[in-house]
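Numbering (my numbering), first residue to last: 1 to 516.
Everything below concerns the one structure shown next.
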């Protein structure tokens, strides 16, 4: 990001009140007579007016009358000075503690950090008693909000004060508390770190998480919660429990933890963040998606939308759930519109998320009989191919289906052979799912039969029964990259019918025992 882009982002994303105080600060520091706007004022006005369309050369010419190298260099220095003013302005109390911009937890964190900074300054000019009083306030509030870094910093300052008083008992008591809260901090950091790693894996891979590893994580977090009684540890315990029960397809149990998580975030000041409430609703929407309760998922997405806007990763995951819920409900037009909406977020998307959008667009184009566009979107995909058994095979199979639709049989044979080699290579390092292996075998048989769908469907009747089942290792999964359900598509071809996306609904609220 260039200096121009950074300053533009800082100004564009600031609240109206913060922008107002920035303008006042600029005027206050302006050396002119006030008859004309300063260069900094002109620059701020340009950013506010044009936002993402702001042009460096245009504003350079407006301020300096030219956009040659000398003028651009001068603009660079102006941007540096303006950035310093923006940072100074944001650290003013009226902006730092603005309740309409920050959560109670973030404001508390800023207050404690400022108090600790004050203690370090007072260490030179004030008596120890005043510093200790400030530390005690920081410690009390740090415990209340579970702000362990600030809490431990205050304890350390207090420890240094007590050590000069020859108070051995006081030192022992502080050391005991510091050890306990250091354990709390370490436990919380570990919980966050392992959960972040889990999300990275889930974002790239489409297969189910290892239930045993998730169970072990739940057991460990339960142990840490018993020791720390930390609401933040409980937050991650619920998140892990949700993933654990989803991996077992016990969606009633995972929904219980979703609802408990929502209650925890709403009611506990040490946990509540606007974005965290978004995460909780996101998990509930995902749970409904996985249990095929698509309308319920869409209803929850509406609630979660406002809470996910400020976090690009959360917003993408939410829109992804909304897309899939519409797609599998047969609302293809709505699904396509959502992909257009996701495309408008391109600047905030990772390469993996961009690749997913291309794949989803390819699937929608396939449903709309647009084989050329399918191919264009599939050619745009790179990063998610690293998921050998999931996205990679999903891309290959969709490509083969698209070629079959175009009756490009020579290319089909080449792609099936390429798929065979890929499966052989993949099985050396990781297991290829039984479903993907069976689909590959059917495609091989289709080629041998000179693409006689009806014949293969009859001969492979047992295989198609396995693929159509919801209760075995061959079953289709809503979170897989198989957006064109292979068994339904093949059946339609065998019966010379148009393929229609049909996903069965669970009988009961979340039970996965019977499906129609």
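The beta-carbon is built from N, C-alpha and C at its ideal position, and this holds for glycine as well.
Looking at 14, 314, 41 and 426, the one whose alpha-carbon comes closest to that of residue 25 is 41. Under the 10 Å beta carbon count, residue 1 is surrounded by fewer than 16 other beta carbons and is classified as exposed. Listed in chain order, the beta strand (DSSP E) runs fully inside the region 124-208 amount to none, counting runs of at least 3 residues. Between residue 499 and residue 489, the C-beta spacing is below 7 Å. If you look at residue 502, you'll find it isn't in any alpha helix (DSSP H); DSSP assigns it neither H nor E. Counting only runs that start and end inside the region 424-485, the alpha helix (DSSP H) elements of at least 4 residues fall at 434-448, 453-459 and 461-468.
Residue state for residue 283 is assigned as helix, using DSSP reduced to three classes.
Contact check between the region 374-382 and the region 463-473: fewer than three CB pairs, one atom from each, fall below 8 Å, which does not count as touching. DSSP places residue 19 in the helix class (H, G or I) of the three-state scheme. Around the beta carbon of residue 234, a 10 Å sphere encloses 16 or more other beta carbons of the protein chains shown; the residue is thus reported as buried. The continuous alpha helix (DSSP H) containing residue 233 extends over residues 231-247. Taken through DSSP and simplified to helix, strand or coil, residue 297 comes out as helix. Straight-line spacing of the CA atoms in residue 3 and residue 77 works out to 10 Å. Taking a contact to require three or more Cβ pairs closer than 8 Å, the region 76-91 and the region 1-20 qualify as touching.
Apart from the 5 residues on each side of it in sequence, residue 332 sits with its Cβ closer than 6 Å to the Cβ of 367 in its chain, given in chain order.
Here the alpha carbon of residue 211 sits roughly 16 Å from the alpha carbon of residue 290. Residue 460 is classed as buried because its beta carbon has at least 16 other beta carbons within 10 Å across all chains shown. A Cβ-Cβ distance of about 5 Å is found for the pair residue 231 and residue 268, placing them in contact under the 8 Å criterion. Look at residue 338 here: in three-state DSSP terms it is helix.
Counting only residues of its own chain and dropping the five nearest sequence neighbours on each side, residue 338 has a CB closer than 8 Å to the CB of 319, 322, 323 and 326. In the structure shown, the three-state DSSP call for residue 97 is coil. DSSP, reduced to helix, strand and coil, places residue 25 within a helical segment of the structure shown.
Assignment of residue 407 by DSSP, reduced to helix, strand and coil, places it in the coil class.
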